[in-house]
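In terms of this note's numbering, the sequence shown is residues 341 to 651.
We put the beta carbon where it would ideally sit given N, CA and C, even for glycine.
Note that the coordinates shown come from a computational prediction; the quantities given were computed from them, not determined experimentally.
Okay, structure first, notes after.
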Amino acid sequence: MKIEIAEFLGKNRHSSLISILLRGLALYYLVLLSLTFANAYLQGGNFILAPDHVFFLFFSMVIILEKGGEFLLSVSKYFILFFSFYGMRGMADNLNPYVNFTLPIRFDEIVFGQASVTGFLQQNLAFLAPHVDTLAILTYSTHFFIPFLFGFLLWVSSRKSYEPYFISLVFTIYLGLVTFLLVPVAPPWMAADRGLIELSHLTLVTSVEYGFAALPSIYFFFNANPVAAFPSLHFAFPLLAAYFSYRAFGRKGLLALIYPALMAFSLVYLGEHYVFDLLGGVAYAGAGIFCSGYVTRAYEHSLLSRIYELL
341 MKIEIAEFLG KNRHSSLISI LLRGLALYYL VLLSLTFANA YLQGGNFILA
391 PDHVFFLFFS MVIILEKGGE FLLSVSKYFI LFFSFYGMRG MADNLNPYVN
441 FTLPIRFDEI VFGQASVTGF LQQNLAFLAP HVDTLAILTY STHFFIPFLF
491 GFLLWVSSRK SYEPYFISLV FTIYLGLVTF LLVPVAPPWM AADRGLIELS
541 HLTLVTSVEY GFAALPSIYF FFNANPVAAF PSLHFAFPLL AAYFSYRAFG
591 RKGLLALIYP ALMAFSLVYL GEHYVFDLLG GVAYAGAGIF CSGYVTRAYE
641 HSLLSRIYEL L
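This is the structure:
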């Protein structure tokens, strides 16, 4: 007999002191997070959320709404896969010392006639720098949490699109991980440090200048990979969100295309990625969608699926 774990947890949660304790802790977390952001705003600063903040934020909300067990069972596996990816991504640059600096620069020169589209944007938008910088940093910082925020939205409003969306994300990031290992590519800011291109703005410097900081997070315990520019997963994630927004919400979902457009501009303007990397993000997002569809269809017609339905 199949045991509905979420239902089991739900029934026992209602009948014990643990229910009150969990809701109290959830409410405490929500209040604490709200006060942290309010304090940062009043002091003229801005805090950036990380994936684990989003997970606990929504886990707290669904606990209060009495759907904590269901949420945990359906979402936690994807968060585990994501944090596994972050850990392995941080090690990938230690396994291959041969970093490609010139390929994306040559691409910019051939296609756009510029050694760096980033340098061109920064030079020609210098008169708007404070405003453009703030917009770009705000947009860029959302890549930490928007994929998970959108996933939660689908979990609440469109379960039919929720699983394919997260499966697409998983395929995209792990295909990207293989590429980071085999073909490490340096971003524009690193090329600028080597004197290969000229830039006036760098993301880290600009972030500090405008008061952006990150809340303490498990995410930041993982080592970053500075030579994981291609493909741009920062751009692939918004593309996946826009695609599944259209699938889930129809024409209204097309408004989500604004987000990848802003992200593309921000990534290039801040020197995080070349246009070459963005095109890679498009290709890998498409591959993730294709793999998700193939795996989903294969599972639906598999013997394993039929056995599971009989349990």
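Nearest residue (CA-CA) to residue i, options the options
i	options	result
Ser606	Ala569, Ser540, Ala576 and Val472	Val472
Thr442	Leu597, Leu465 and Ala531	Ala531
Glu612	Leu579, Phe575 and Gln463	Phe575
Ile420	Phe488, Phe570, Ala564 and Ala569	Phe488
Residue j beta carbon less than 9 Å from that of residue i
i	j	result
Val608	Pro528	yes
Tyr624	Pro444	no
Ser305	Gly459	Since the first and last residues shown for the chain are 341 and 651, residue 305 lies out of range.
Ile513	Tyr583	no
Phe425	Ile486	no
Tyr418	Val523	no
Val496	Asn440	no
Tyr480	Phe490	no
Ile450	Cys631	no
Ala601	Ala581	no
Arg591	Leu517	no
Asn464	Leu521	no
Cross-strand partners of residue i (DSSP beta bridge)
i	result
Asn440	Val525
Ala568	Val525
Simplified DSSP state of residue i, which is helix, strand or coil
i	result
Ala576	helix
Ala455	coil
Gly535	coil
His471	helix
Asn464	helix
His613	coil
Leu619	helix
Phe485	coil
Ser540	coil
Ser632	helix
Ser424	helix
Leu435	coil
Ser498	coil
Glu549	Low confidence applies to Glu549: its pLDDT is 49, below 50, so where it sits in the model is not reliable, and the reading given next is rough at best. Reduced to three states, the DSSP call for Glu549 is helix.
Arg353	Low confidence applies to Arg353: its pLDDT is 47, below 50, so where it sits in the model is not reliable, and the reading given next is rough at best. The answer is helix: DSSP assigns Arg353 an H, G or I state.
Inter-residue Cα distance where the pair is residue i and residue j
i	j	result
Thr519	Leu619	14 Å
Leu515	Leu573	10 Å
Leu475	Val567	25 Å
Tyr634	Tyr502	16 Å
His354	Gly593	Unreliable placement is indicated for His354, whose pLDDT of 49 sits below 50; no coordinate value is reported for it.
Leu610	Val415	32 Å
Leu494	Asp617	28 Å
Tyr467	Arg637	The sequence shown places Phe at residue 467, not Tyr. If I take the Cα positions, the gap works out to 52 Å.
Glu538	Ser456	8 Å
Lys500	Ile598	24 Å
Glu549	His483	Residue placement at Glu549 is flagged as unreliable, the pLDDT there being 49, under the threshold of 50; the coordinate-derived value follows with that caveat. About 20 Å.
Arg587	Leu579	12 Å
Gln454	Met603	21 Å
Phe423	Gly535	34 Å
Phe589	Gly626	19 Å
Met431	Asp533	22 Å
Asn434	Ala564	11 Å
Asp448	Pro571	15 Å
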